[in-house]
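Below: the structure, in structure tokens.
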Ligand code: ING
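Pasting the structure below:
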């Protein structure tokens, strides 16, 4: 048995005016709770240090850049990393990354229980749009503020197993889990900020959003025989509701823990990485069952091309 006691540390709403210091204090309180629960791994949300700023249309790049971290840990966020190291807890933390070259990514890092940064992932699938959209009930400008990730979908050896990361919208794309599955991933960590309503389809409400969220992460887990830990930033941010639904999903696709509130909340589970073995050795033994000679369109074609009649 290779148990990793894993905490999903959901954050409630972060208002636009809330400073990073206040947020980091909330995250540290959750880390302390994770320590008390015996966790060695903690998964925070996407863009964990700030409000979900892509909902706001901005033209001044200096104003946009205020939402980004030039370095992590940085002056405001270092206390979080110091506490995690003191607790011997590895972390997944999502944040907005601005590089020394001035590139902008929606990023997540993975740290070891010793406090080393061992992995970085940059969000590949950016939903939404890049110009102000008058047709939408609210804006979702990730394509405006971020570049698509340029690191692919790597995995890392940590906590006695094979760890992978993705971010929010990535969880809806089966290719994401499969590329990591082909590297033997045993736990996929991800953070998300998901509006509770569809800005383009008023009839789609919270329960629809939660259904699609659970469907996506449960499918990814089952079809690659991996654990999936998905942590929400939830609650109402300046009038804009975000779903909760942080979950820990086992390699059979079953939800073993789910948050009950839209506030700061911990769920925790002793994830046995050996539970991945049966699926990987039987129904999803990729080497024995996959037929890649038939899958070419998946990487040779981006959009839909309907064959002529
Ligand atoms: N948020 C949403 C997500 O994928 C979204 C955007 C919601 C797209 C629902 C499609 C449907 O959960 C982020 N930040 O990607």
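In this note's numbering, the protein residues as written are 346 to 654. Positions of the beta carbon are idealized from the N, C-alpha and C atoms, including for glycine. Treat the numbers as computed from the prediction; the structure is a model and nothing was measured.
Item	Value
Segment limits, beta strand (DSSP E) that includes residue 466	462 to 467
Neighbour-count burial assignment, residue 498, 16 or more Cβ in a 10 Å radius	buried
In chain order, each alpha helix (DSSP H) run of at least 4 residues that lies wholly inside the stretch 365 to 421	365 to 381, 406 to 410
Cutoff 6 Å; reference residue 549; Cβ partners in own chain excluding five residues on either side	543
DSSP three-state assignment for residue 563, whether helix, strand or coil	helix
Local conformation of residue 568 per DSSP, three classes	helix
Residues near residue 558 by beta carbon distance below 7 Å, same chain, minus five either side	539, 588, 590
Reduced DSSP category for residue 451 - H, G, I as helix; E, B as strand; rest coil	strand
Residue 472 beta carbon near the ligand ING (any heavy atom closer than 6 Å)	yes
Reference residue 301; option with closest CA among 443, 475, 436, 505	This structure leaves residue 301 out entirely; the chain is present only between 346 and 654.
Of the residues 447, 641, 432, 366, the one placed nearest residue 407, counting alpha carbons only	447
Cβ neighbours of residue 482 in the same chain (closer than 6 Å, five flanking residues each side left out)	544
Every unbroken beta strand (DSSP E) within the stretch 567 to 619, with a cutoff of 3 residues, ordered by chain	572 to 577, 580 to 582, 585 to 587, 592 to 594, 600 to 603, 610 to 617
DSSP state of residue 438 mapped onto helix, strand, coil	strand
Any non-hydrogen atom of the ligand ING within 6 Å of residue 452 CB	no
Any non-hydrogen atom of the ligand ING closer than 6 Å to residue 569 Cβ	no
Integer-rounded CB distance, given that residue 420 should sit under 8 Å from residue 426	About 12 Å; that fails the 8 Å criterion.
CB-CB length for residue 350 against residue 385, believed under 8 Å	6 Å
Residue 622 CB to nearest heavy atom of the ligand ING below 6 Å	no
Boundaries of the beta strand (DSSP E) in which residue 506 is found, first to last residue	506 to 512
Distance CB(residue 390)-CB(residue 625) smaller than 7 Å	no
Stretch-stretch touch, CB-based, cutoff 8 Å, three pairs: the stretch 513 to 522 with the stretch 620 to 639	no
Straight-line gap, residue 487 to residue 372 (C-alpha atoms, nearest Å)	24 Å
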